[in-house]
Amino acid sequence: MNKFRFGTTTVLNFVLGLLTILEYGYTASVTNKDDIFSINITMPNFNTTQDDQYAFLQYELPDEELTIVGYSPLINMNAAHHMLTFACANPGSNKNIWATGQACNGNEQLIIHGWARNAPPMTLPDDVGFPVGRNTPYKYIIVNIHYLSTIVNDRSGNQLIMSRKPRKYQAGVMLAGTSQIYLKPKAHSIRTPFSCRYNGPSISIFAARVHAHQWARVNSLYRVRDGVITQIVKGDPQWPQSFYPLPSPIEIQNDDYLVGQCVYDNDNDYIVRVGPTHKDEMCNVYAMYSFEPTKTSTGKQKTGASPIHSCWDNEFSSITNLIPPDSDVPPRKPSDIGGTSDGHQTHAEHAMSSSIDIGKQLSLSSVDDPAYEDYVDEVENMRHRNKDSDGFNFNKVLSHLGLPEYEYVDAQNYDYLLPTHLTYGKEQTVKIHNAKIMSSNLYSCVDSWPDVKSLPGQLGEIGGLALNKANDELVVFHRGSRKWENKYFTGNYRYRNENYGPIDEDVLLHIDTRTGQTKFRWGAKMFYMPHGLTIDHAGNFWLTDIAMHQVFMFKPNDLTHPALTVGEIFQPGSGPTQLCRPADIAVMKNGDFFVADGYCNSRIIKFNRQGEYITEWGSSMTGAQDRDGFPFPNQWNIVHSIALNEDAQLLCGADRENYRIQCFDANTGEFQRQIRVETKDNIGPIYAIEFAPNTNGTVLFAVTGGTDTPVKKVYMIDARTGDILTSFDSNPHLIAPHDIAVSTNGREVYVGELASSPINALHKFELATRRDLPTQTFSKRIYLNDRNFRVSLIIMGFFAIPVLLAVIIGCFVRIRNLRKLRRLNLFLNDVKVSSTGSSSVLGDWMNRRKGFEKLDQCSDGENEPLDNEINDDLNINSNDEINQQPTASTSVNNGVAFKMGASL
């Protein structure tokens, strides 16, 4: 019976433990109705062997019915000229990577994406996608990269946003252009036309991409129907090259003509011809379109070849005469490439402040734009750079972060930098690779973080990030389904609240910093345009809303009503009680706080803990410049982010489009220094800054952003001296970073982006990979990471709980029997002639056979009646015990035995 109970208990505990694990694993998950996920197709530390090298990388799709619905390029223009992505039935080689040949074998191939010049991510319309995988001809994805120069350990590639939900319309890509390119020296406005006739079902062109090299001015594509020409796209190939949505789709019907051209200017002394390298030219216009596929007899979509793949060379030259005269004039560049004139799909945060000369921004020609020259110069620098040189002192970096001193040993292998827990002694030698090799690997991106499934589908542009004091929760302040567009504001910064209400979604998320799962949400129907977020020492949440022109403080025990509000709702102003698009907050330990009132007023304001005005400093730019070519100190373009180090009495602000950080005395507002993280020609706008808590120095982190910044980086700075300790970018590359948060000692860095998809909205970077190194001081030592330790505890629990229950039950039964035996021993002691038994209950029980043997002695209590409760126990044991008595017994002994038996 006891064995049965023990086995039942073990099984029940195992089942309950298993159910607990299953419940724990899925509690925080939120089902995505479209089952969206991503696939990263990246080079595995690829090394080029020459300039202008092409490389192909294949990826075999899983055996599922999949649809490609978006792209997020994981590549940078400093490494590559362009990248094309193909869907193929068969790859062009049986190798995983190859350098020559073609992307695909056979006719079943399709261009599904093109990228160049740091183009942004792309999302297809809701009802459109590229079907691939099972029941389609396309079983492989091929990424083709055109590298500029020799490069080592490259991990460039493309991230495909996939869905398991089929789309109503199938997507296709048509390549239009010509190879008839001959650019004479010192010639301008050289035209290379192309044309074709379309035969097929109706298609709808909804996006386009132009591609050419440095001599191209403008590429264009038109539709001709019944003698009437309609522009499809006209683009500047010097812009970031991606598929950009058209203002409205253009329908192409059977027998329509397609016509276009590329226009060039050659100021060189030599002839330029068509070719694949950056010293040659190309003429390409990619048109992405949708069409309704045919259906089978059962009504299921029939996936097959696209209606049109190419429109190449000039088949109908007479049609090109219809191309309008202004086709050689590039379009105006919007504030954010890819938007329309009304601000749709543009982001106002990427636009310059009103004090900037807008005429310079909306140049009609790219000829005077130095971006491409800077780009080529950077490429040449890469080609001739001494790869053994590196200015970063990693001992100095780790010292500033307050991490223990280590003796660095040069090694060519990629060992891990630091332990997760600071448990090592000073004598330990940590073996890491040479700092000259690993400068870009000081921080690594955690690919599995966050848990995208637990994020809301309407996770929008991220305004602010902040870590709680324990560093176990990252709080995210985002905009839900709303984007910052010009339509929401009047010319004087007033929000059109009569037309647009608060955001319906919860705009504040609490995300577990370990698992990446969403733990809590709040803030629905409370905010209109979220921006800044700070968590103070008491755990209070400080938030700014640039539409409401207000700052709010919420206590953690009341997230529905602000405990403090500064500013007048929907009333922009510059007085002591008014704000205009406040961007950020920094809070002192005594409750006083600073506000970056930076979009309109170019100032920093200090308030006391009751929200009463104390002082302010800062002013708008006057146009005058200091000797360094920047505006004078304490003049601001946009005060976009502020950071406070109270111990050092230092308050720093990100002067965004002035590409600098300005630092002040936190008590007096006196200017201390300005910091630039790069040279003036290479730097991008500084979007966010954050001091790292608990470091030995004043370690300040900064992140650059903006559409025109070639490489967005995170910088580590000594704010006292202005020294740049180190910097790093990421893989995948940052696209539109907006805010940054840093954990204790700078071990983790979090970056939030102005992303359109939850997949690319948040990034986590770790200084120390979660694996500890063996030491020389301690010959044998075992370290468990947190995840393995938790698993071990669970497994131990499964075994320990049944054993513990069995022990408890056994003790209970034993104690009950001991009570019965104790009564028996009391009786036996009464019949003993002399006392030889132990007074211990356990001792009497353990020696009960010995006690029965001594019944041969005289006892004056042998005829006393026994307690009825012990009858059963004595019946069980009496025969055995009596049979073992010595043979030399007296009649008195037999009488005792007889009487005991009768009594029992």
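FYI, in mature numbering (1 follows the signal peptide of the UniProt record, and there is no 0) the residues of the sequence shown are -27 to -1, 1 to 877. We put the CB at the ideal spot given by N, CA and C, even for glycine. Bear in mind the structure is a predicted one, so any value in this text is a computation, not a measurement.
- Among the bridge pairs identified by DSSP, MET526 is matched with TRP515 and LEU537.
- Nearest C-alpha to VAL245 among LEU156, PRO604, MET521 and VAL146: LEU156.
- Residue pairing by DSSP places GLU38 opposite GLY106 in a beta bridge.
- With a minimum length of 3 residues, the unbroken runs of beta strand (DSSP E) contained wholly in the stretch 135 to 211 fall at 142 to 150, 160 to 170, 176 to 184, 189 to 198 and 201 to 208.
- Using a Cβ distance threshold of 8 Å, THR641 and ALA559 do not count as a contacting pair.
- Of SER66, ALA92 and LYS686, the smallest CA-CA separation from ASN131 is found for ALA92.
- When DSSP states are grouped into helix, strand and coil, PHE771 belongs to the helix group.
- The residue among VAL448, GLU446 and GLY430 with its C-alpha nearest the C-alpha of SER454 is GLY430.
- Rounded to the nearest whole angstrom, the CA to CA distance from ILE14 to ILE134 is 11 Å.
- Beta-bridge pairing by DSSP links PHE450 to GLY437 and LEU481.
- Residue state for SER263 is assigned as strand, using DSSP reduced to three classes.
- Non-local C-beta neighbours of LEU432 in its own chain, meaning closer than 7 Å and more than five positions away in sequence, comprise HIS451, PRO731 and ALA734, ordered along the chain.
- Contact annotation: ILE697 and ILE690 have beta-carbon atoms nearer than 8 Å.
- For VAL236, the number of other beta carbons within 10 angstroms of its own is at least 16, and it is reported as buried.
- By the Cβ neighbour-count rule, ASN530 is exposed, with fewer than 16 other Cβ atoms within 10 Å of its own.
- The continuous beta strand (DSSP E) containing ILE648 extends over residues 644 to 648.
- With respect to the C-alpha of ILE615, the residue from ALA439, LYS268, THR668 and ALA520 having the closest C-alpha is ALA439.
- Within a 10 Å sphere around the beta-carbon of ASN798 sit 16 or more other beta-carbons, which makes this residue buried.
- The continuous beta strand (DSSP E) containing PRO222 extends over residues 217 to 225.
- Sixteen is the threshold: when 16 or more other Cβ atoms of the shown chains lie within 10 Å of the Cβ of HIS184, as they do, the residue is buried.
- Each residue's CA atom was taken as its position, placing ARG467 and LYS268 some 51 Å apart.
- Per DSSP, the continuous beta strand (DSSP E) segment holding GLN635 begins and ends at 633 to 638.
- For LEU532, there is no enclosing beta strand (DSSP E), as DSSP gives it neither H nor E.
- In summary, PRO220 is exposed, with fewer than 16 beta-carbon neighbours lying within 10 Å of its beta-carbon over all protein chains present.
- Distances from the alpha-carbon of ARG140 to those of ASP100, ILE70 and SER175 put ASP100 closest.
- Put simply, of ARG600, LEU415, ARG494 and TYR473 the residue whose alpha carbon is nearest the alpha carbon of GLU446 is ARG494.
- As the crow flies, the alpha-carbon of ARG554 is around 38 Å from that of MET261.
- In the structure shown, PHE605 adopts coil according to DSSP, grouped into three states.
- Burial check for SER263: the Cβ neighbour count within 10 Å reaches 16 or more, so the residue is buried.
- Between ARG182 and ASP238, the CB-CB gap reaches or exceeds 8 Å.
- Contact between the stretch 596 to 609 and the stretch 630 to 641 is present, with at least three C-beta pairs closer than 8 Å.
- Residues of the same chain with a CB within less than 6 Å of the CB of SER700, apart from the 5 flanking positions on each side, are LYS686 and TYR688 in chain order.
- Beyond the five residues adjoining it in sequence on each side, GLU81 comes within less than 6 Å, by CB distance, of ALA62 and PRO110 in the same chain, given in chain order.
- Rounded to the nearest whole angstrom, the CA to CA distance from GLN544 to ASN470 is 11 Å.
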